[in-house]
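If you're matching them up, the sequences are chains D and U in order.
Number 41 in our numbering belongs to position 29 of the first sequence; there are no gaps in the numbering.
Number 163 in our numbering belongs to position 111 of the second sequence; there are no gaps in the numbering.
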Amino acid sequence: MDKARVDQIIDKHECEASSLIQVLLDIQSENHWLPKEALERVAERLQVPLTRIQHIATFYKAFSLVPKGRHKVHVCMGTACHVRGAQRVLDTVQDLTGIKPGETDLDLKFSLETVNCLGCCSLGPVAEIDGKTHGKMAPAEMAKVLKNYE
Amino acid sequence: MSEIILKIDGREVAAREGMTVLEAAQKAGISIPTLCHHEKLEPYGGCRLCTVEAEIRGRTQLVASCLYPVEKNLVVRTRSEKVDRIRKMILELLLAHAPDAFELQDLAQEYGADKDRFEKEPSFCLHCGLCVRYCAEVKKKYAIGFVDRGTKREISFIPEIASNECWNCKECFPLCPTEALQAAFVLTKAFAFPSPSLEPAPAE
Ligand code: SF4
Ligand code: FES
Ligand code: FES
């Protein structure tokens, strides 16, 4: 993300220190992670110490300080999905992508996370990829679904 | 500035409005153990070692004396079975993280805290925030801050700021009740300080 775009986002929030979290969220959602240069720019323009920004950016799970993959895979490990075999679905994803929850592969293709209930238990086991819900997953289905992502 | 009379450990103590119970006690020569408190810094209430019983209108509460403002007719007990039990527990929990901290050792003796009660988890930092707050509130350099949250919370230097500011300051070092701060500084210096470049720093 270039500096000009970061500046645009900051300007959209009127350069208000109180909008810090909104600014970070905007950068995160557009860029999928928060690069150091972007945070330094935010600190400089909003006049908020970098230590404060760092604290906030590491406090909330919504932010990432490392690059994230193009596709975000969330495998539900909630109770309902768990009893229906979520672990095997997760194992499949781990085998096929080569990453564990919390990680991103080297090609920046996938980032994997586990979640505890996506709120549609009757579809379990559930996996969500880039916000799209895939229900009734089993290892074979999961493998098929993952193939659709480039 | 009206004067407020309160009772601490059975003694009448005069305090100014806006003072905390801890300040009033200290002024009267009554000592309350503290860990995260520092006169130059805003009250923080992080360690809860300064917990006391505060009784007002017949109700007794456990409060952090470094935060609790004095009040008329307040009755404070700085030692009681309950208070001592709480302090002992806090000390035991802290000792699991920093078994060798001097300040903790002395208090542990006084309160009979067993440093081996909980399984050791030597993270050394006690999350007192003295270093972070001193750098921010007194020096206004913001070279060090907290990252992450809960049990995973850690201190972290911003290498670019630390490499400019810390050499001539290091005023936070003696504040740290453990050696976590110095260790973090040494590590940051070794691994993260920007290497001295041959070119002059780019003008901003
Ligand atoms: S490093 Fe030391 S001074 Fe800083 S928060 Fe941890 S225990 Fe407190
Ligand atoms: S437990 Fe998976 S959606 Fe509820
Ligand atoms: S000294 Fe009061 S909470 Fe730490």
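Each residue gets a CB set at the ideal place from its N, CA and C atoms; glycine is no exception.
Check, Outcome
"Applying the criterion that 16 or more other CB atoms from any shown protein chain within 10 Å of the CB defines a buried residue, is glycine 136 (chain D) buried or exposed?", "buried"
"When you compare the region 180-187 of chain U with the region 71-90 of chain U, are there three or more beta-carbon pairs, one atom per stretch, that lie closer than 8 Å?", "yes"
"Using a Cβ-Cβ distance cut-off of 8 Å, determine whether arginine 201 (chain U) contacts chain D.", "yes"
"Verify whether the separation of the beta carbon atoms of phenylalanine 209 (chain U) and alanine 235 (chain U) is less than 8 Å.", "no"
"At a Cβ cut of 8 Å, what residues of the region 64-81 of chain D count as close to chain U, listed as they run along the chain?", "Arg64, Gln66, His67, Thr70, Phe71"
"Taking 8 Å as the CB-CB limit, is leucine 130 (chain D) close to chain U?", "no"
"What do you reckon, is the C-beta of glycine 181 (chain U) under 7 Å from a heavy atom of ligand 3?", "no"
"Taking Cβ-Cβ distances shorter than 8 Å, what residues in chain U pair up with proline 61 (chain D)?", "Ala188, Tyr194, Gly197"
"How about proline 151 (chain D) and tyrosine 194 (chain U): are their beta carbons less than 8 Å apart?", "no"
"Using the Cα positions of glutamate 140 (chain D) and histidine 146 (chain D), report the straight-line distance between them to the nearest angstrom.", "6 Å"
"Taking 8 Å as the CB-CB limit, is serine 247 (chain U) close to chain D?", "no"
"Could you compute how far the alpha carbon of glutamate 55 (chain U) sits from the alpha carbon of arginine 63 (chain U)?", "16 Å"
"Determine, for serine 208 (chain U), whether the minimum Cβ-Cβ distance to residues of chain D falls below 8 Å.", "yes"
"Run through DSSP, which three-state label would glycine 202 (chain U) get?", "helix"
"Please confirm whether any heavy atom of ligand 4 lies closer than 7 Å to the CB of arginine 17 (chain D).", "No copy of ligand 4 occurs in the structure displayed; its ligands are ligand 1, ligand 2 and ligand 3 alone."
"If you measure from the CB of glycine 97 (chain D), is any heavy atom of ligand 2 nearer than 7 Å?", "no"
"Is leucine 114 (chain U) near ligand 3, in the sense that its beta carbon is under 7 Å from a heavy atom of that ligand?", "no"
"Do leucine 37 (chain D) and alanine 74 (chain D) have their C-beta atoms within less than 8 Å of each other?", "yes"
"In chain order, what are the residue ranges of uninterrupted beta strand (DSSP E) at least 3 long that sit wholly in the region 117-190 of chain U?", "127-129"
"Give, in chain order, every unbroken run of the alpha helix (DSSP H) that is at least 4 residues long and sits entirely within the region 73-154 of chain D.", "91-95, 98-109"
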